[in-house]
Amino acid sequence: MVTAGRRSRSARRARGSGVLINAACPGLVATDFTGFQGPRTPEQGAATAIRLATLPDDGPSGGFFEDEGVIPW
Numbered sequence: 001m002v003t004a005g006r007r008s009r010s011a012r013r014a015r016g017s018g019v020l021i022n023a024a025c026p027g028l029v030a031t032d033f034t035g036f037q038g039p040r041t042p043e044q045g046a047a048t049a050i051r052l053a054t055l056p057d058d059g060p061s062g063g064f065f066e067d068e069g070v071i072p073w
């Protein structure tokens, strides 16, 4: 698990390098890890990570995201 402090420090260090550092919450996904009890499919859980992985170079960095956008942390 990435703490808010580590995420923020890493994002600050990477500033200007072209690397964006963000964290994502996939929600409760039906996988082996959850005993297949989550209401979300793996595809739904991966959507935020894919969105963050494909951000433009000037996209946000140092944030914590879910489907709806930024999670204040």
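Per our numbering, the very first residue in the sequence shown carries number 1; after that it's consecutive.
C-beta atoms are modelled at their ideal positions from N, C-alpha and C, and glycine is treated no differently.
No experiment lies behind these values; they were computed from the predicted model shown.
- Beta-carbon to beta-carbon, L28 and R40 are separated by about 6 Å, close enough to satisfy the 8 Å threshold.
- Cα atoms of G62 and S17: separation of roughly 14 Å, rounded to the nearest angstrom.
- Put simply, of S10, P72, P26 the residue whose alpha carbon is nearest the alpha carbon of A46 is P26.
- Taking every protein chain shown into account, the CB of T48 has 16 or more other CB atoms within 10 angstroms, so this residue is buried.
- Taken through DSSP and simplified to helix, strand or coil, E66 comes out as strand.
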